[in-house]
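Undergrad: Note that the protein sequences, when read in sequence, are chains A and B.
Residue numbers for the first sequence follow the working numbering, so the first one is 8 and each next one is one higher.
Residue numbers for the second sequence follow the working numbering, so the first one is 8 and each next one is one higher.
Protein chains: 2
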Amino acid sequence: MKIAIDAMGGDKAPHPIVEGVVQAASLVREGTEIILVGQESVIRRELKSRFMPRELPISVVHASQVVGMDEAPAIAMRKKRDSSIMVAVDLLKRGQADAFVSAGNTGAVMAAALVELGRLKGVSRPAIASLFPTERDAVVVLDVGANASCKAVHLYQFGVMGATYASHILRRRRPKVGLLSIGEESSKGNEATVKAHQMLSHSPLNFVGNIEGRDILRGNVDVAVCDGFVGNVVLKFTESIDGLLTAQLRRYVMSRLRYRLGAHLLMPALLAFRRDLDYAEYGGVPLLGLNGVCIICHGGSSAKAIRKAIAVAQQMVKADVNSGILRQLQENGGMKK
Amino acid sequence: MKIAIDAMGGDKAPHPIVEGVVQAASLVREGTEIILVGQESVIRRELKSRFMPRELPISVVHASQVVGMDEAPAIAMRKKRDSSIMVAVDLLKRGQADAFVSAGNTGAVMAAALVELGRLKGVSRPAIASLFPTERDAVVVLDVGANASCKAVHLYQFGVMGATYASHILRRRRPKVGLLSIGEESSKGNEATVKAHQMLSHSPLNFVGNIEGRDILRGNVDVAVCDGFVGNVVLKFTESIDGLLTAQLRRYVMSRLRYRLGAHLLMPALLAFRRDLDYAEYGGVPLLGLNGVCIICHGGSSAKAIRKAIAVAQQMVKADVNSGILRQLQENGGMKK
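1. How far does the beta strand (DSSP E) with Asn227/A in it reach, from first residue to last?
2. Residues in its own chain within less than 6 Å of Val151/B by CB, not counting five upstream and five downstream?
3. With C-beta atoms as the reference, is Gln46/B less than 8 Å away from Ser71/B?
4. Taking one C-beta from the region 216-229 of chain A and one from the region 176-189 of chain A each time, how about it: are there three or more such pairs within less than 8 Å?
5. Using a Cβ-Cβ distance cut-off of 8 Å, determine whether Asp285/B contacts chain A.
6. Quick check on Pro275/B - is its C-beta less than 8 Å from some C-beta in chain A?
7. Assign Val29/B to buried or exposed, taking buried as 16 or more other Cβ atoms, counted over all protein chains shown, within 10 Å of its Cβ.
8. Against chain A, does Gln205/B count as a neighbour if the rule is that its beta carbon must be under 8 Å from one of theirs?
9. Within the same chain, show all residues whose beta-carbon is closer than 7 Å to that of Met59/B, passing over the 5 residues directly before and after it, in chain order.
10. Just how far apart, CA to CA, sit Ser262/A and His271/A?
11. Check whether the region 164-174 of chain B and the region 282-297 of chain B are in contact - that is, three or more C-beta pairs closer than 8 Å.
12. Give the DSSP-derived three-state secondary structure of Ala203/A in the structure shown.
13. Note down the Cα distance separating Gly291/A from Val328/A, rounded to an integer number of angstroms.
14. Pick out whichever of Thr245/A, Asp285/A, Ser109/A, Thr200/A has its Cα sitting closest to the Cα of Asp234/A.
15. Tell me the DSSP secondary structure of Gly341/A in three-state form.
16. State the DSSP-derived secondary structure class of Thr141/B, mapped to helix, strand or coil.
17. If I follow the unbroken beta strand (DSSP E) through Gly291/B, where does it start and stop?
18. Starting from the C-beta of Lys99/A, find all residues in its chain whose C-beta is less than 7 Å away, skip the five residues before and the five after it, and write them out in chain order.
19. Which of the three DSSP states is assigned to Gly166/B in this structure?
20. Return the Cβ separation of Val319/B and Ile302/B in integer angstroms, given the expectation that the two are a contact with Cβ distance under 8 Å.
21. State yes or no: is the beta carbon of Asn197/A nearer than 8 Å to at least one beta carbon in chain B?
22. Just by C-beta distance, which residues in the region 164-189 of chain B are closer than 9 Å to chain A?
23. Under 8 Å between the Cβ atoms of Val25/A and Ala32/A?
24. Could you tell me whether the Cβ of Glu78/A comes closer than 8 Å to any Cβ of chain B?
25. Under the three-state reduction of DSSP, which class applies to Leu350/A: helix, strand or coil?
26. Is Glu26/A helix, strand or coil by DSSP?
27. With DSSP collapsed to three states, give me the class of Ser56/B.
28. If we ignore side chains and look at the alpha-carbon of each, how far apart do Arg334/A and Gly129/A end up?
29. In chain order, what residues of the same chain have a beta carbon less than 6 Å from the beta carbon of Val68/B, not counting five sequence neighbours either side?
30. Report the option in Leu252/B, Phe236/B, Asp285/B whose CA atom is closest to the CA atom of Glu246/B.
31. Cβ of Lys158/B less than 8 Å from any chain A Cβ?
32. Out of curiosity, what's the CA-to-CA distance linking Ala81/A and Arg281/B?
33. Tell me the residue span of the beta strand (DSSP E) that contains Ser156/A.
34. Report, in whole angstroms, the separation of the C-beta atoms of Pro23/B and Ile313/B, which I expect to be a contact under 8 Å.
35. Considering only DSSP beta bridges, list what Leu43/A is partnered with.
36. What are the boundary residues of the alpha helix (DSSP H) that includes Asn213/A?
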């Protein structure tokens, strides 16, 4: 198995990327190779500065250009044909790599993957699937940002893709799929959700009906389906909960010794809560529905996050999630009414 | 000032409603009267069972019917003309009350208020404005559930209404208005937000541009504008954060004495965080844009929440928020392009 990784993508690239790759390569099984894609001299220098006890399965493929984190995806696609993103995606296209991992410009990664690799047969819109912590086990929420507005059929397909991910990667049996809306009744929501509710009800999926905002963290479902606008708002909202808790605790901790002591004793638990809410901790999130495996990481990813993202890519390839999605869509009828 | 309250609305009505009214009536200034609307015999019995040190400014208006919490609003409107909701709204319509407070069926309250009172001139869609806690001061988020899908002009008007609420009730000077989207650039979002961004930019409002999910709790703005689908999902999501924290802490607390002690010492701070996140604590939220003052409470409202909701109603009437909205819309041009 070969995993291509964008060495130049991310706020602090290539440092944490190369570090994460070295960590991952020390752990992978025989037969797995990690390909660092980017400016070769820069990457080689980074690699050389690291102590490696043995030769690791890491190779380098040169790409002369770098897409900036804020660059417009369409322009980057047109003007930077030799960017690390384009070269890496091209490796997948030519069968020289099985998966692509990037902490770079998400829009550019999505655009390149969509144009060069194309969609799985029957999929109208790829979606980003993120894991959220819950009171029980993690829940897959999708889409969290690839599609700002969605039709019913897109939401329905997100349900199929999310369920496949939950069964293949999270090992949930008959994963429960919920449709995020603003009331439990099937008539509640907007035009797209009301129609998607019907489609999901008539599918072989284990569809439990509409869920509400509060059901995500409670862990009532394995998969929560929503459009990328709502999903992205909730994902980023989650990022800021820790700040509110910290601000609240600080006010108390400053006031009395009792609280200072309490916070000190309880710190590991509070840090675990913070870690739970930090989606960078999950490493990378898959862009589902593509004709290839593509893992997107947070721009600020640490080496640890990169290492985890590489593990997610390996799992995706090994479990062959894409074949599962294809099969599900054929069985369910991709456009079932 | 006369405030009508739906004595029959809410999961445990009329008990907490009457209790909240008695508490509120003990505190109001001279000249304010609270009108309990509902089944007179039931209300009188509730009132009699309470010790009142002096005669309180509470009156009762009879309404023979009760709208169930899950009843379809359209059917309730048609079949229950003598419900506590309809009779109370009618008091406003006939000028016999200045505000209406209800913990009853939200859809039925909105429908009755919209049909009987009508909208303020220039307002296309009334919106529910909720307060969210932040690291600094509370932020007004609207809409949180009245409109499942919105056009740009609706979002723009939510900005005007939210800013008026923030200045008149929260006493913010030149309140900062943000548009909730999925990227800071004006081009990011869906069709409605992209167009609303333009409209807000060209208005006299203190518009700070797009904000993202994480900006709500950080308190970067005074007003966050969104459609009722997104707002409702985030509102209900917020409700469930406390459950996640509790579940996380419980796992630790069970494992070691150290954590048990820490949690005990820190409990008041943790409870304050929970209280912050519990929107029932804010009492009631206004339905803005109506030709009248209408405050909606959580179905499970406690007596304290009802007391607070009555206080919000008083503030709304006293500060004459509706005249402020009318003035703002006229100045800004209700449909400005």
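Where is the CB? At the ideal position from N, CA and C, for every residue including glycine.
TA: With the structure as the only source:
1. Careful: Asn227/A lies outside any beta strand (DSSP E) and carries neither H nor E.
2. Excluding residues up to 5 positions away in sequence, Ile135, Ser137, Gly238, Asn239, Leu242 lie with their Cβ nearer than 6 Å to the Cβ of Val151/B in the same chain.
3. For the pair Gln46/B and Ser71/B, the CB atoms are nearer than the 8 Å cut-off.
4. yes
5. no
6. yes
7. Looking at its Cβ environment, which holds 16 or more other Cβ atoms inside 10 Å, Val29/B is buried.
8. no
9. Val29
10. Between the C-alpha atoms of Ser262/A and His271/A there is a straight-line separation of about 14 Å.
11. yes
12. Reduced to three states, the DSSP call for Ala203/A is helix.
13. 16 Å
14. Thr200/A
15. Residue confidence for Gly341/A is low, a pLDDT of 46 falling below 50, so the modelled location carries little weight and cannot support an answer.
16. coil
17. 291-295
18. In the sequence on display, residue 99/A carries Leu and not Lys. If we look at Leu99/A and ignore the five residues flanking it on each side, its Cβ neighbours are Ala11, Phe107, Leu124, Gly299.
19. It is helical.
20. 5 Å
21. yes
22. Leu187, Ser188, Ile189
23. no
24. no
25. This structure cannot settle anything about residue 350/A, because the visible part of chain A is limited to 8 through 344.
26. helix
27. coil
28. 10 Å
29. Ile42, Val44
30. Asp285/B
31. no
32. 45 Å
33. Where Ser156/A is concerned, there is no enclosing beta strand (DSSP E), given that its DSSP letter is neither H nor E.
34. Under the criterion of beta carbons closer than 8 Å, Pro23/B and Ile313/B qualify as touching, at roughly 6 Å.
35. Paired residues: Ile12/A, Val67/A.
36. Element bounds for Asn213/A: not the alpha helix (DSSP H) but the beta strand (DSSP E), 213-218.
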